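According to the working numbering, the sequence shown is numbered sequentially starting from 761.
Each residue gets a CB set at the ideal place from its N, CA and C atoms; glycine is no exception.
Since the structure is predicted, the reported quantities are computational estimates derived from the model, not experimental observations.
Only one structure is covered here, and it is reproduced in the block below.
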Amino acid sequence: MREAMRGLTTRGRSFLAAAVAAAISALILGEKDLLRVAVLLGVLPLLAALYVGRSRYKLACSRSLEPHRVPVGASSRVVLRLQNMSRLPTGTLLLEDRLPYALGSRPRVVLERLGAHQASSVAYTVRADVRGRYEVGPLVIRLTDPFGLCELTRAFPSVDPLTVIPQVTALPSVRLAGEYAGTGESRARSVAVHGEDDAATREYRRGDDLRRVHWKSTARTGELMVRREEQPWESRATVVLDTRAFAHRGEGPTASFEWAVSAAASIAVHLRQAGYKLRLVSDSGIDAHANDAGGEGLLLDHLADVRLNQRGDVATLVERVRQRSDGGLVIALLGTLTIAEAELLTGLRSNGTTCVAFLVDSSTWLNLAPPARAEANHAHGAAALRLMQSGWRVVGVEHGSKLPALWPQAARGSQGFAWRAVLAETVAGGVR
C-alpha cells in the first residue's frame, strides 16, 4: 500500500490536497456537506491506490522475436503477450519495452483494459544497422486506475537476445581448387597416393556418363560400376579474417572492416552450402568450425561479435591457421599489408594448399592527397605482388567493390599477366 501511495499521480495528489483543504474549511465553517465532499475527495485516491496495488502483481508477460537472428538492415518482429491472471479487470496499461540505442526508440503501447483472465498481444518491429548481440527488454508496464489518480510501474526482468549478423550476399557458383577432394586437394594427387584401383565406385545408374565406367571394378564384380563422384562435403576450407585495427579504415557500417566481415560471412555461407567442412579463424581469438547442422548459424554468430583488434598481428593470424591446418582451401580477407607481413603469409602455401587473398586496399576509404595516394598504391601493389610470387591468388578490393563481381576471380589459376605487369611496374617505379 505504501508503494501504491507513492505512485499517486499529480491528479491524485491534488485530490488529497483538495480533501485536506475542504476538511479544514468544513471544520472552520461548520459545514457538514463540505466535510462529506472532503471525505469523498480523500477516499477516491486511496481507493485508486488500493485498486492498482492489488492488480499489479497478477500480470504475466511473454515475449517472442521473429526471427531472433537477422542480418544488418533487416527487421525483426517482437510480439508481447500480456495476460491478466486476476479476477478483476485492470485499468489502462502503458507498455514500454526497453531497447538498446542501436535498435531505435523504445516502443510504447497503450492497452485500455484487460478483463479477468484475459490476454492480449501487441507487436512492433526493430531494426539494426550495426552488427552485434542485443538484449530486448525488460518490459516496463505502467498501471493506472480509470481516473488516472494512481500510477505504478512494474518491470518484468526477462530479456530476449537479438543477434544482428553481417549482411550475407549470394555469390555465383564457380569451381574452386579443392572442390572435389576429401581433404581439399586435387583428385590427381589423391590418385597418385592411393592408386587408380582404389577409386571409389558404385553401381551404374541410368543417366550416368559412360566415361565414368570403372572397368576393373566392373570385371571384378560382374556388374557395371562407375567412379563415384567426389563428394563436395568432404572438401575443407578455412576462411581467415584479418581484424587488425590499423589495417582497416573508415567508420561505421561503411568501414573497410565491415566490408571484410560481410565478405567473410558471404563466403562462409556459400562454401558451407556447397558442402565444405568450414573453419573460421581470426587473429582476435575466433576459431570456429561448421561441420554439422547449425554450424552456419554458429559462424554467423561469431561474426556478429567480431571487433577490431588493437593488438592483432599477422604472425598470430598465421599461427592460428597453422594450428589445425589440414590443407585444402584457404580464403583470407586481409586489410592493408606491408611486404614483411605478406612474407609471413607465404608460409600458408604448403602441402598443396590453395590460398586466395581478398586484399583490401583500405586507403581507398580515405580521401588522400595525390602524393599520399601514390605511396599507398605502391605499398598495396608491392604486398600483392609478394603474395602472388609465393603462389597466392590475389583479388584486389577497393572502396565500392562488390563481392559477387570479385568472386569469380578466386577461381582463376593465373592472376593475369597484365595485372602482374602493372604491379611490377608500380613497384619498379617506386624503387626508381
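{"Asked": "In angstroms with no decimal places, state the Cα-to-Cα distance between F916 and T885.", "Found": "20 Å"}
{"Asked": "DSSP state of T961, grouped into three classes?", "Found": "strand"}
{"Asked": "Is it buried or exposed, R1004, if we count other Cβ atoms within 10 angstroms and call 16 or more buried?", "Found": "buried"}
{"Asked": "Give the DSSP-derived three-state secondary structure of V1066 in the structure shown.", "Found": "coil"}
{"Asked": "Which of the three DSSP states is assigned to K818 in this structure?", "Found": "coil"}
{"Asked": "Out of D1073, R1039, Q1083, T1076, point me to the one whose CA is closest to H1062's CA.", "Found": "R1039"}
{"Asked": "Quick check: what's the CA-CA separation for G1095 versus S1161?", "Found": "14 Å"}
{"Asked": "Can you tell me where the alpha helix (DSSP H) holding H1030 begins and where it ends?", "Found": "1016-1033"}
{"Asked": "Going by beta-carbon coordinates alone, are L795 and A809 separated by less than 8 Å?", "Found": "no"}
{"Asked": "Should D957 be labelled buried (16 or more other beta-carbon atoms within 10 Å of its own) or exposed?", "Found": "Low local confidence applies: a pLDDT of 44 at D957 is under 50, so the model's placement there is unreliable, with the coordinate-based value given in what follows. By the 10 Å Cβ count, D957 comes out exposed."}
{"Asked": "Short check: CB of A862 to CB of G892, under 8 Å?", "Found": "yes"}
{"Asked": "In this structure, what does DSSP give as the bridge partners for N844?", "Found": "L819"}
{"Asked": "Within the continuous beta strand (DSSP E) that includes V870, where are the two ends?", "Found": "868-871"}
{"Asked": "Is the Cβ-Cβ distance between V1116 and A1170 less than 8 Å?", "Found": "yes"}
{"Asked": "Within 10 Å of its beta-carbon, does V704 have 16 or more other beta-carbons around it, so buried, or fewer, so exposed?", "Found": "Residue numbering for the chain in the displayed model covers 761 to 1192; residue 704 lies beyond these limits and cannot be assessed."}
{"Asked": "What separation, rounded to the nearest whole angstrom, lies between the Cα atoms of G938 and T1113?", "Found": "For G938, the predicted structure reports a pLDDT of 49, less than 50, and the residue's modelled location is therefore unreliable. A value from the coordinates is still provided. Looking at the two C-alpha atoms, the distance is approximately 8 Å."}
{"Asked": "List the residues that DSSP assigns as beta-bridge partners of Y811.", "Found": "Answer is none; Y811 lacks a bridge partner."}
{"Asked": "Going by DSSP, which residues form a beta bridge with I925?", "Found": "P831"}
{"Asked": "Going residue by residue through the segment 1074-1159, where are the continuous beta strand (DSSP E) segments of at least 3 residues, counting only ones entirely within it?", "Found": "1089-1094, 1114-1120, 1153-1157"}
{"Asked": "Hey, R972 and W1125: beta-carbon distance below 8 Å or not?", "Found": "no"}
{"Asked": "Quick one: using the 10 Å Cβ neighbour count with 16 as the cut-off for buried, is G767 buried or exposed?", "Found": "buried"}
{"Asked": "Output the boundary residues of the beta strand (DSSP E) element that contains K1037.", "Found": "1037-1042"}
{"Asked": "In terms of residue numbering, what span does the alpha helix (DSSP H) encompassing V780 cover?", "Found": "770-789"}
{"Asked": "Under the rule that 16 or more other beta-carbon atoms within 10 Å means buried, what is A941, buried or exposed?", "Found": "Residue confidence is low: A941 scores 41 on pLDDT, short of 50, so the model does not pin down where it sits. Its coordinate-derived value is still stated next. By the 10 Å Cβ count, A941 comes out buried."}
{"Asked": "In whole angstroms, what separates the C-alpha of V1154 from that of T961?", "Found": "37 Å"}
{"Asked": "Ordered along the chain, which non-local residues of its own chain (more than five positions away) have a Cβ less than 8 Å from that of A1015?", "Found": "H1008, R1009, W1125"}
{"Asked": "Check each candidate in G813, V812, S836, A1025 and name the one with the smallest Cα separation from R823.", "Found": "S836"}
{"Asked": "By the 10 Å Cβ neighbour count, where 16 or more other Cβ atoms means buried, how is G772 classified, buried or exposed?", "Found": "buried"}
{"Asked": "Return the Cβ separation of V896 and V919 in integer angstroms, given the expectation that the two are a contact with Cβ distance under 8 Å.", "Found": "6 Å"}
{"Asked": "Secondary structure at G851, three-state DSSP: helix, strand or coil?", "Found": "coil"}
{"Asked": "Looking at the secondary structure, which residues open and close the beta strand (DSSP E) in which F887 lies?", "Found": "Reading the sequence as shown, one finds Arg at residue 887 and not Phe. From DSSP, the beta strand (DSSP E) with R887 extends over 879-887."}
{"Asked": "Does DSSP put S977 in a helix, a strand or coil?", "Found": "helix"}
{"Asked": "Buried or exposed for A777, please, with buried defined as at least 16 other CB atoms from any protein chain shown within 10 angstroms of its CB.", "Found": "exposed"}
{"Asked": "Mind checking which residues open and close the beta strand (DSSP E) that includes A997?", "Found": "996-1001"}
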